[in-house]
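Worksheet: the structure to be examined is printed underneath.
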Amino acid sequence: MRSVKAFAPATVANVSCGFDILGFAIDAMGDTVELVLKDEPGLVVVSIDGDDGKLPLEAEKNTCAVAIQAMLDELDSNVGMNIYLIKGLPLGSGMGSSAASAVAALAAANRLLGDPFEKKDLLPFAIAAEKVACGAGHADNVAPSLLGGFVLVRDYHPLDVIKLPVPDGLYCTLLHPHYELKTADSRSVLRDQIPMKHATIQSGNVAGLIAGLYESDFQLISRSLRDVIAEPYRAVLLPGFYEVREALKAAGALGMGISGSGPTLFALSRGKETAEAVGEAGKEIFSKIGLDVDVYFSEINTQGAYVIEEK
C-alpha cells in the first residue's frame, strides 16, 4: 500500500448549551485528504484545492501535517508522506473546517501505517493540530469529526471524551450566511464571569439535552437547546439572528443556535421534511435582510472519519 484517501465530516460545536464541551458530526459535507508515501523522510503539503490559496503549504503551519507529525512523533517514526488536501468546507464558517482537515489526515495516515492506533487514540494528535489552527486545543470539533455522532468532552486533564447516542430521525439544518465573522471577535465578546443563576440554567440544559439524546425524547431536546452564556453576546454579531430563530421555530425546528463561533447557524429537527422546511424558512429571512446564504440539511453522521480508497 502506497497511498490512502480519507474523509472527515463537518461538525457543529457548542450545540447551544454545550459551550466548548458538546459537538456533533453531520453527513452533508467534509474534507478529503490523500496521502502518498515517499522515499525521503518528512511531510510535504503538495496541494490544497478549494481554499482559494488561503491555507498554508508549510508543514509546520498546516493542520494536516501538524496532526500527522504528532502521530509520527508518538511512533518515533520518520516516514515521509506527500499530502493532498481537498477542502469541502468553507474556511472560518463555524463548521469545523480545520478539524475536518486534521482528522481526515489522521485517518489516512493511520491506515497507511497499518492502523497502529485505535480511532479514539488519534484524538490527541488532532487536538495538537487545533492548537496551531485556532490557538487553543479544543476537542469539540475534532472529537465528533473523528468519532461521529454527538460527543461530550467532559475533561482535558486527563482527556475524557464520551460518545452519546443519536435518536433515529434527528436531522440538522445548516445556514451559512455569506458574512465574515472572525473567531477572535466571537471570543472577545464573551464574559470571563457568569452569574450563578446562568450557570445553574446552563447546567440543567446540558443535562437535559444529554438525557433527551439517551431517551430519544425530542421535546426534552427542544426544551434544552438554550444557551444563556455565549449566545446572548454573540447573537449581536450575526445579522438577523433573532428573526431567523423565530422563523426556524415556526417552521418546526426543535431548536437552533450558533455553530461553533459562527457565522453558520444550526437547527435540529425531527425528520427530513421538517429539516428542509426549516432551511427554506431561514433562507427567506436572510434574503429579506440582503444576505446570500448556503443551506444544507443532513442526518447526524454517526460514522465519523473513514478511509475512502487505498492503493
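For the sequence shown, the tail end lands on 311 under full-length UniProt numbering, and the numbers increase by one without skipping. We put the CB at the ideal spot given by N, CA and C, even for glycine.
DSSP state of M196 mapped onto helix, strand, coil: The count along the sequence shown starts at 1 and reaches residue 196 at position 196. In the three-state reduction of the DSSP assignment, M196 falls in the helix class, which pools H, G and I.
Count the CB pairs spanning the segment 77-88 and the segment 46-63 that are closer than 8 Å, and state whether there are at least three. Proximity of the segment 77-88 to the segment 46-63 meets the contact definition, three or more beta-carbon pairs being nearer than 8 Å.
Between the C-alpha atoms of A207 and R226, what's the straight-line distance to the nearest angstrom? Counting from one through the sequence shown, the residue named residue 207 turns up at place 207. Counting from one through the sequence shown, the residue named residue 226 turns up at place 226. If you draw a straight line from the Cα of A207 to the Cα of R226, it is about 12 Å long.
Candidates N14, R223, N62, of which the one nearest K131 by Cα: Taking the first residue of the sequence shown as 1, we reach residue 131 at position 131. When each option's Cα is compared against that of K131, the closest is N62.
When the Cα atoms are used, what is the spatial distance from E118 to A267? Residue numbering aside, residue 118 sits at position 118 when the sequence shown is read from its first letter. Residue numbering aside, residue 267 sits at position 267 when the sequence shown is read from its first letter. In this model, E118 and A267 are separated by some 32 Å (Cα to Cα).
Which same chain residues, not among the five before or five after A128, have their C-beta less than 8 Å away from its C-beta? Indexing the sequence shown from 1 puts residue 128 at position 128. The residues are V66, A67, A70, G137.
Between D115, L265, Q193, which has its C-alpha nearest E243's C-alpha? Translated into the one-based positions of the sequence shown, residue 243 becomes position 243. The option with the nearest alpha carbon to E243 is L265.
I'd like the list of long-range same chain contacts for P239, defined as Cβ closer than 8 Å, with 5 residues on each side in sequence excluded. Against the sequence shown, residue 239 aligns to sequence position 239. Sequence-distant Cβ neighbours of P239 in its own chain, meaning closer than 8 Å and more than five residues away, are P177, Y179, I289, L291.
Give the DSSP-derived three-state secondary structure of N205 in the structure shown. Taking the first residue of the sequence shown as position 1, residue 205 is located at position 205. For N205, the three-state secondary structure derived from DSSP is helix.
Rounded straight-line distance, which links the Cα of K54 to that of Y171: Walking along the sequence shown from the start, residue 171 turns up at place 171. Walking along the sequence shown from the start, residue 54 turns up at place 54. In a straight line, the C-alpha of Y171 is about 32 Å away from that of K54.
Look up M81 in the DSSP assignment and say whether it is helix, strand or coil. As a working note, residue 81 is residue 81 in the sequence shown. It is a strand residue.
Range covered by the alpha helix (DSSP H) that runs through A109: As a first step, residue 109 is located in the sequence shown; it is residue number 109 there, counting from the start. First-last of the alpha helix (DSSP H) with A109: 97-112.
Close-in-space but distant-in-sequence residues of the same chain around V12 (CB under 6 Å, 5 per side omitted): Residue numbering aside, residue 12 sits at position 12 when the sequence shown is read from its first letter. Only residues of its own chain outside the window of five on either side were considered, and among them F24, S259, F266 have a CB closer than 6 Å to the CB of V12, listed in chain order.
Between V103 and L146, is the Cβ-Cβ spacing less than 7 Å? In the sequence shown, counting from the first residue as 1, residue 103 sits at position 103. In the sequence shown, counting from the first residue as 1, residue 146 sits at position 146. Yes, the pair counts as a contact, with Cβ atoms nearer than the cut-off.
Residue range of the unbroken alpha helix (DSSP H) whose run includes T274: Locating residue 274 in the sequence shown gives position 274, counting from the first residue. Per DSSP, the continuous alpha helix (DSSP H) segment holding T274 begins and ends at 272-288.
Rounded straight-line distance, which links the Cα of L248 to that of P56: If you number the sequence shown from 1, residue 56 lands on position 56. If you number the sequence shown from 1, residue 248 lands on position 248. Near 37 Å, if we compare the C-alpha coordinates of L248 and P56.
Quick one: what's I26 bridged to in DSSP? On the sequence shown, position 26 is the one that residue 26 refers to. DSSP lists I300 as partners of I26.
State the DSSP-derived secondary structure class of C172, mapped to helix, strand or coil. Within the sequence shown, the letter at position 172 stands for residue 172. If DSSP states are grouped into helix, strand and coil, C172 belongs with the strands.
For A109 and E310, the rounded distance between their alpha carbons: For the purposes of this step, residue 310 is taken as residue 310 along the sequence shown, with counting starting at 1. For the purposes of this step, residue 109 is taken as residue 109 along the sequence shown, with counting starting at 1. When rounded, the distance between both Cα atoms is 11 Å.
Would I221 pass as a contact of L254 if the rule is Cβ separation under 7 Å? Position 221 of the sequence shown, counting from 1, holds the residue named residue 221. Position 254 of the sequence shown, counting from 1, holds the residue named residue 254. Yes, the Cβ-Cβ distance between I221 and L254 is below 7 Å.
Since R154 is in the beta strand (DSSP E), which residue starts that stretch and which ends it? To locate residue 154, count along the sequence shown from 1; it is residue 154. Bounds of the beta strand (DSSP E) holding R154 are 150-156.
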